[in-house]
Amino acid sequence: MANHANDGLARLAPLHDLKDFKVANHNLDVRGWEVIGSDGKRIGKVDDLIVDRELMKVRYLDIDVDKDHVLVDTDPRHILIPIGAAQLDDDGDQVFISLDRNSLSRFPFYRGGAVDSEYEYRVMHAVTSPNDTYAQQTTTQNSPNAEFYGRDQFNEDRFYGNRHQRSQAMPQDQSHLHTSTSNFNTNPNFNTGPSSYSDANLGSGTHATSGMGSGTGMHSNSGLGATGSSSNSNMDSNPIQNDIATIERLRAMLEQGTITQEEFTALKRKAIGL
21 MANHANDGLA
31 RLAPLHDLKD
41 FKVANHNLDV
51 RGWEVIGSDG
61 KRIGKVDDLI
71 VDRELMKVRY
81 LDIDVDKDHV
91 LVDTDPRHIL
101 IPIGAAQLDD
111 DGDQVFISLD
121 RNSLSRFPFY
131 RGGAVDSEYE
141 YRVMHAVTSP
151 NDTYAQQTTT
161 QNSPNAEFYG
171 RDQFNEDRFY
181 GNRHQRSQAM
191 PQDQSHLHTS
201 TSNFNTNPNF
211 NTGPSSYSDA
221 NLGSGTHATS
231 GMGSGTGMHS
241 NSGLGATGSS
251 SNSNMDSNPI
261 QNDIATIERL
271 RAMLEQGTIT
281 QEEFTALKRK
291 AIGL
């Protein structure tokens, strides 16, 4: 694995700026996916991924917010959402976040390029204390450390949810991107069993078990794959059972803290057509 920690470049950078990284073939690439807010309405789309070049992990989703959700004279329309503060739809190409249109006015906009520590602290404050005013530090803050990134908001398992079934004998080599989603469950009855495992690490070698890597000879067994999903041959198209499964998934999100009780109630009513 190439060592990027001391090359003078920013630790966090957009994936499209990192020429030696790419989403591996047949892996799930969420860029371009629709982003749905807590009120069930579209907020925008995933424009890019923000990568921790030192630890080879995806840290944030770069969300391009729709024009009608911000002021007309606002140029930047992008926000960064910690990967664990969002969740993939179990069936469609959608990403759910626990923000609504009103919350956007209190969220710091992202103007592109490298991500500095001050912006990360502002984002975390907006996610964890949305109703409080952020007090900018007068002294230089320490760079986010392992404790900062150890929060649930950076937990990839919360993001992938039921899109990933536990991978057997998955190597834990930090030199590869392991966004393990090789066994996507596209069954609309949504698996609500034990929490699944995924390790969203980035890799830049010529061999990657999954996720992001460089080179043309990559071997990918799992990871981000828009075409790498496996459909359950016993897919049940019963709409009533689908509604029940959706409610179970929402309840799991509520228990994980991804959505609030109010959001759970609103989304449940929407799911059953009320």
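Going letter by letter, the sequence shown gives residues 21 to 294 in this note's numbering. Idealized CB from N, CA, C, for every residue including glycine.
By the Cβ neighbour-count rule, T266 is buried, with 16 or more other Cβ atoms within 10 Å of its own. Within its own chain, the residues whose Cβ lies closer than 8 Å to the Cβ of I70, once the five positions on either side in sequence are excluded, are L32, A33, P34, L35, V78, R79, Y80, L81, D82, L100 and V135, listed in chain order. The Cβ neighbour count for L29, taken over all protein chains shown within 10 Å, is under 16; the residue is labelled exposed.
Contact check for I264 against M273 fails: the beta carbons are separated by 8 Å or more. The beta-carbon distance between I103 and F179, rounded to whole angstroms, is 5 Å. This is short enough to meet the 8 Å contact definition. The C-alpha of D172 is placed about 11 Å away from the C-alpha of T148.
Of the candidates A146, F116 and I56, the residue whose Cα lies closest to the Cα of R126 is A146. When DSSP reads this structure, E54 sits in a beta bridge with K65 and Q114.
DSSP places V143 outside any beta strand (DSSP E); the residue lies instead in the alpha helix (DSSP H), whose first and last residues are S137 to T148.
Excluding sequence positions up to five before and after F284, its CB lies within less than 8 Å of the CB of L270, R271, M273 and L274, all in the same chain and listed in chain order. In this structure, G181 and D110 form a Cβ contact; the two beta carbons are roughly 7 Å apart against a cut-off of 8 Å.
Judged by beta-carbon spacing, S58 lies beyond the 8 Å limit of S137, meaning their Cβ atoms are not closer than that value.
Straight through space, the alpha carbons of S163 and M144 are spaced by roughly 13 Å. Under DSSP, the beta-bridge partners assigned to D82 are D68 and L100. Apart from the 5 residues on each side of it in sequence, W53 sits with its Cβ closer than 7 Å to the Cβ of K65, V66, D113, Q114 and V115 in its chain, given in chain order. DSSP, reduced to helix, strand and coil, places L287 within a helical segment of the structure shown. The shortest C-alpha to C-alpha distance from R131 to any of R97, N122 and A105 is the one to R97. In terms of Cα proximity to A105, the closest of D37, F41 and F174 is F174. Listed in chain order, the non-local C-beta contacts of D86 below 7 Å within the same chain comprise R62, I63 and G64, local neighbours out to five positions each way being set aside.
Between D84 and I56, the alpha-carbon positions lie close to 12 Å from each other. Residue pairing by DSSP puts Q107 in a beta bridge opposite F116. By alpha-carbon distance to Q107, the top candidate from D177, K290, L287 and E268 is D177.
Between the alpha carbons of H89 and M76 lies a distance of about 33 Å. One thing to note: R73 has its Cβ no nearer than 8 Å to the Cβ of L124. Under DSSP, P34 takes part in a beta bridge, and its partners are I70.
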